[in-house]
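Number of protein chains: 2
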Amino acid sequence: MDELLKIDEVANQTGLSKRTIRYYEELGILPSPERSGGGTRLYKQKHVKFLKRISAAKEVLGFTLQELQEFLSLTEMLESQKEEYKKVSDPQEQKAKLTEIIKILDGELEIIEQKIRRIHTVQTELVTLRERARALIELKNNE
Amino acid sequence: MDELLKIDEVANQTGLSKRTIRYYEELGILPSPERSGGGTRLYKQKHVKFLKRISAAKEVLGFTLQELQEFLSLTEMLESQKEEYKKVSDPQEQKAKLTEIIKILDGELEIIEQKIRRIHTVQTELVTLRERARALIELKNNE
DNA sequence: TTAATATTTGACGTTGACGTCAATGTCATT
DNA sequence: AATGACATTGACGTCAACGTCAAATATTAA
């Protein structure tokens, strides 16, 4: 199968608002779904998955919507690389493009690692706070 | 010692703009520093450290400034717990308060862990993309 | 087929987190 | 005491990322 979903259902499944979903389509972030005869948007599961992925990336990496678009175009470039593009253009140029993609990915991976390190710092701080609080309670119990 | 810094210096050391620094003070996030006779703000190193900590928490956890305030009030509560507060109010109430603090901290720690897991998901995704790109290059080399 | 309910488009509103500008005052140096 | 570089306050501006509302259709259930 592959049920057709209306926007309200998609909103429920993704946790995004209907406005947001339309907005993402308007920005070109979300591929336009089919329409019914009357013009109602009809989504498939792939749209739901897509929305979940990108909203995760946005939240987690703190991406703006613009950065999200750039991020997505990377994936696209790789897709296009695999298909028709493969036999069309200059192989030298293709390799250059791939190398550039890898560079960008390396950059983003580094940002992620930095982010993880910083999260751990904050995490440690919070754990310390908790320990202090617990110690205080203990102290009160033994008096 | 403990040099007195003017706002421009603080901005340089923290990477925040002067506007942002004043804004944080206005919101009550950053403790007001001393002033010179003429009214110029004079910061100490503790202000710099403080700003670094909170901007890290903001970036990393995606805290809004309001959440940041709540987060900071937690630390304050723990501080007050250790000092005068200790002998003033009802010990029963104090324990209740501490327990609540711990609860909140647990909540935030859980959020952090969730966030870390999600980051890893995105990280994995990016690594996969990179592998694909590398494989494509290899393919082109062997043809 | 007629409600009741949901969807679409367009447009304007909102909010957070600052940026920017102007007028005025301060600091450091000469 | 004058000059040039920075600081302060207040106010308005801005930008992203939606929220909200209205008027016109569409869809679904009875």
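Residue numbers (this note's numbering), protein chains in the order written: chain A, 1 to 143; chain B, 144 to 286. Where is the CB? At the ideal position from N, CA and C, for every residue including glycine.
With respect to the 7 Å criterion, Ile102(A) and Ala200(B) are not classified as neighbours on the basis of their beta carbons. According to DSSP, Glu177(B) shares a beta bridge with Leu185(B). Per DSSP, Asp2(A) lies in no alpha helix (DSSP H) and is assigned neither H nor E. Arg196: these are the residues of the region 172-196 of chain B whose beta carbon lies less than 9 Å from some beta carbon of chain A, given in chain order. Residue contact with chain A for Ala200(B): present (Cβ-Cβ distance below 7 Å to some residue of chain A). Close CB contacts of Leu148(B) within its chain, under the 6 Å cut and outside five residues either way in sequence, are with Tyr186 (chain order). Two segments are said to touch when three or more pairs of C-beta atoms, one from each, lie closer than 8 Å; by this definition the region 163-179 of chain B does not touch the region 11-26 of chain A. In terms of beta-carbon proximity, Ala276(B) lines the interface with chain A, with at least one pair separated by less than 7 Å. If you check the CB distance, Ile104(A) and Leu241(B) do not come in under 7 Å. Interface criterion met: the Cβ of Glu251(B) is under 7 Å from a Cβ in chain A. For the region 64-85 of chain A, the set of positions with a beta-carbon nearer than 8 Å to some beta-carbon of chain B reads Leu74, Thr75, Leu78, Gln81 and Lys82 in chain order. Residue burial annotation: His120(A) is exposed, with fewer than 16 other C-beta atoms found within 10 angstroms of its C-beta.
Within a 10 Å sphere around the beta-carbon of Val127(A) sit fewer than 16 other beta-carbons, which makes this residue exposed. Between Arg196(B) and Ile150(B), the C-beta gap is not smaller than 7 Å, which leaves the two residues out of contact. Each of Met77(A), Leu129(A), Leu51(A) and Ile116(A) was checked against the Cα of Gln13(A), and the nearest Cα belongs to Leu51(A).
When only Cα atoms are considered, Phe63(A) and Gln235(B) end up about 45 Å apart. Pairing Gly171(B) with Gln212(B), the inter-Cα distance amounts to about 8 Å. Between Gln123(A) and chain B, the shortest Cβ-Cβ separation is below 7 Å.
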